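For reference, the structure is listed below as structure tokens.
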Amino acid sequence: MGLIKIQSFSFLFTILILSSSSLPHRHRHNRHHHRRNSQLIPSIFHPPFIPSNVNGEWVLLHESIGVSAMHMQLLYNNKVIIFDRTDFGASNLSLPQGKCRFDDEVLDVDCSAHSVLYDILSNTYRPLMVQTDVWCSSGALNSDGTLIQTGGYHAGDRKIRLFSPCDGDVDCDWTELPQNLTVQRWYASDHILPDGRVIIVGGRKAFSYEFFPKTMDDNGGVFHLPFLVETTDPMEENNLYPFLYILPDGNLYIFSNQRSIVLDYVNHNVLREFPMIPGEKRSYPATGSSVMLPLRLCQGQEPVVEVMICGGAWGGAYVKALEGEFWRGSSSCGRMRLTDPDPKWVMEEMPSGRVMPDMLLLPTGDVLILNGAANGAAGWENAIDPVLNPGLYRPDEPDPGRRFTVLTPTTIARMYHSSAILLPDGRILVGGSNPHSTYNFTGVKYPTELSLEAFSPPYLATQYAHLRPLNQAIDVGQVLSYGQQFSITFTLPFPQPDAEFMVSMIPPSFTTHSFGMNQRLLFLEIVGVERLFMFGYRVIVFAPPTRNIAPPGYYMVFVVHQGVPGHSVWVKIQ
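In short: position in the sequence shown from 1, add 99, done, that's our numbering.
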């Protein structure tokens, strides 16, 4: 049971819905790319705000943060780690005085930052210092909320880096461990496991997986996975950044190219292979995107598990793009219920084709699809025709023809090396795009993007402000135990004669190259709802029952009222 509806007597109140005309107009400024110094950079605007557009609204947060947001990770202290790569040359943001990298493969001395820490609440950022090249790397948060960041390029391809959340300490920065990965990991994917370790899967010419931290049972540290060899296409690969999901039985779902399996990573056996997805290729560089659709929890019942994959490109698109011929990106999406007795892909069509899309789970259970291009493939100079309109997909809409809605477009092309993540207030942070081998701002059709935007989905529109839950608080504090019953108190701006509630729980994902690693959404079982006073409510729910359902760590908990989420509350489950 995930949704509770309350019927009550009508009230003698008039609900005033704010007029969108009362909001100030926001104008786009010309973006000037110049070197920023290392102090906290103030915002152009002061978000969050409630947009007037029922199809969503874009806000330019910063014309430049100095680096291109190739990778992003939200932390539980409401900050976001953003980084690109060290072999672009000098970035447009200086490191604090005295900090430099030496003997880099591009620059002898590089005193510029290639990573920043963005503060959501103040809309400011400060430079961070990475020691080795993090280009096309991977990551996951461990159970304590520390980012375990793995691999990269050349000197960084075996590195393990840590970033721990900190408040009020401007000296906290990246830490690079002396121990290395067993093999190079470039274009790999990571996932936190139920036991708290991180599994690292694949990468270029890395047909294997390994764990961090390692245990005595790891047998040399690396485990061969023939599936990754079998899914490699000649001259194109089309099997990099595989899609990973921990299943309710604790095993790992892996999708690569057009095929998918269930891996028992404890005994190192492939337990099952599923049918191939029809149509185009789906993995880098024929890049599509994927989510595991929300798990609806109910005591005594195993949740239905369904994956969704959208976009991609035909086999051969990457080679043709290198020759200057840009094939149409895939407009198809496939859904497959892994828990069905005979799983099969059910195909649907997006409003337009996309290669390199990002798919994000929203607190409502809907899926946002944004970024990417209409033609080409991933890689330098390999795509044209940016897709500027996000698409909203409602997986529970019975009529497939009504599931997609085209939303308000951005004005900024977000193509290769762009990223997007969900924020605790329900907005989407969007940045990056650099389809070039270096920073390139002039003389090209799609310049390097150092800007940072926020997209507010339709549920944040002014018209729905009277439905938005406010002042969320959890009775047991921040730490939850598995299966624990707890309650969330909140208020509504106006009395509601018909109140419908859901509670969703979402971990922060590590996003790069069109895939949100560790992304999942749990609809918690609601035991009951109490009316505390005219505007106040208490929702009583069960925490997820097992570590397989919710790997240990930090999650955002949202109360959703009639399709409108409130600001989330952070919890740690252990």
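Glycine included, every Cβ here is placed at the ideal spot set by N, Cα and C. Computed from a predicted model, the values in this text were never measured in an experiment.
Sub-9 Å separation of residue i and residue j beta-carbons
i                 : j              : result
glutamine 661     : leucine 506    : no
valine 466        : proline 494    : yes
alanine 476       : tryptophan 426 : yes
aspartate 203     : aspartate 186  : yes
serine 355        : leucine 396    : no
alanine 564       : alanine 482    : no
asparagine 279    : lysine 313     : no
glycine 531       : alanine 168    : yes
proline 347       : leucine 292    : no
phenylalanine 262 : histidine 213  : no
glycine 410       : proline 456    : yes
glycine 238       : histidine 170  : yes
serine 382        : asparagine 318 : no
For residue i, the three-state DSSP class (helix, strand or coil)
i                 : result
proline 499       : helix
histidine 128     : Note that histidine 128 has pLDDT 32, beneath the 50 cutoff, so the model's placement of it is unreliable and the number below is only indicative. Looking at histidine 128 - three-state DSSP - the assignment turns out to be coil, as it is neither helix nor strand.
methionine 675    : Here the chain has residues from 100 to 673 only, and residue 675 is not among them.
glycine 349       : coil
proline 664       : strand
valine 516        : With the sequence shown as reference, residue 516 is identified as histidine, and valine is not the correct amino acid for it. Three-state result, histidine 516: coil.
proline 377       : coil
phenylalanine 144 : Per-residue confidence for phenylalanine 144 stands at a pLDDT of 33, beneath the threshold of 50, marking its modelled position as unreliable; no derived number is given.
histidine 213     : coil
alanine 239       : strand
alanine 564       : helix
histidine 253     : helix
tyrosine 538      : coil
tyrosine 340      : coil
Limits of the alpha helix (DSSP H) - the one that residue i falls within
i           : result
leucine 327 : 325 to 329
lysine 419  : 416 to 421
Buried or exposed by the 16-neighbour rule on C-beta atoms within 10 Å, applied to residue i
i                 : result
glutamate 156     : buried
arginine 200      : buried
arginine 127      : Confidence at arginine 127 is low in this model, with a pLDDT of 32, below 50, so its placement is unreliable and the value that follows should be read with caution. Exposed, because fewer than 16 other Cβ atoms sit within 10 Å of the Cβ of arginine 127.
glycine 490       : buried
glycine 464       : buried
arginine 303      : buried
leucine 528       : buried
phenylalanine 632 : exposed
proline 617       : A small fix is needed here, since residue 617 is asparagine in this sequence, not proline. Buried: at least 16 other Cβ atoms inside 10 Å.
leucine 549       : buried
threonine 330     : buried
valine 659        : buried
glycine 578       : One point to set straight first is that residue 578 is valine, not glycine, in the sequence displayed. Answer is exposed; the Cβ neighbour count stays below 16.
proline 325       : exposed
threonine 274     : exposed
glutamate 496     : exposed
proline 596       : exposed
Cβ-based neighbour list, residue i, same chain, cut-off 6 Å, excluding 5 preceding and 5 following
i             : result
threonine 588 : Ala572 and Arg637
lysine 198    : Met228
proline 607   : Leu173
glutamate 629 : Arg637
leucine 487   : Pro508 and Thr509
glutamate 309 : Thr281, Ile299, Gly320 and Val321
N- and C-terminal bounds of the beta strand (DSSP E) containing residue i
i              : result
leucine 159    : 156 to 161
lysine 178     : 178 to 182
arginine 358   : 358 to 363
threonine 231  : Taken as a continuous stretch (DSSP letters only), threonine 231 belongs to no beta strand (DSSP E), as it is neither H nor E.
threonine 610  : 609 to 611
aspartate 457  : 457 to 460
proline 485    : 482 to 485
serine 430     : No beta strand (DSSP E) holds serine 430; DSSP gives it neither H nor E.
asparagine 368 : 368 to 372
glutamate 405  : 405 to 410
glutamate 599  : 597 to 605
tyrosine 581   : Element bounds for tyrosine 581: n/a, residue is neither H nor E.
proline 277    : 274 to 279
lysine 443     : Premise fails: lysine 443 is in no beta strand (DSSP E) and is neither H nor E.
valine 628     : 625 to 630
isoleucine 299 : 297 to 300
tyrosine 492   : 490 to 492
aspartate 289  : 288 to 291
methionine 616 : 614 to 616
alanine 553    : 551 to 555
valine 391     : Note on identity: in this sequence residue 391 is methionine, with valine being the wrong assignment. Its beta strand (DSSP E) spans residues 387 to 391.
Own chain, CB closer than 8 Å to residue i, minus 5 neighbours either side, in chain order
i            : result
valine 640   : Gln584, Phe585, Ser586, Ile587, Val602, Leu623, Glu624, Ile625 and Val626
cysteine 265 : Asn176 and Cys271
7 Å Cβ shell around residue i - same chain, five flanking residues per side excluded
i             : result
glutamate 448 : Ser430 and Ser431
threonine 645 : Tyr581
Cβ of residue i within 9 Å of any chain E Cβ
i           : result
glycine 378 : Annotation note: the requested chain E is absent from the structure, which comprises a single protein chain.
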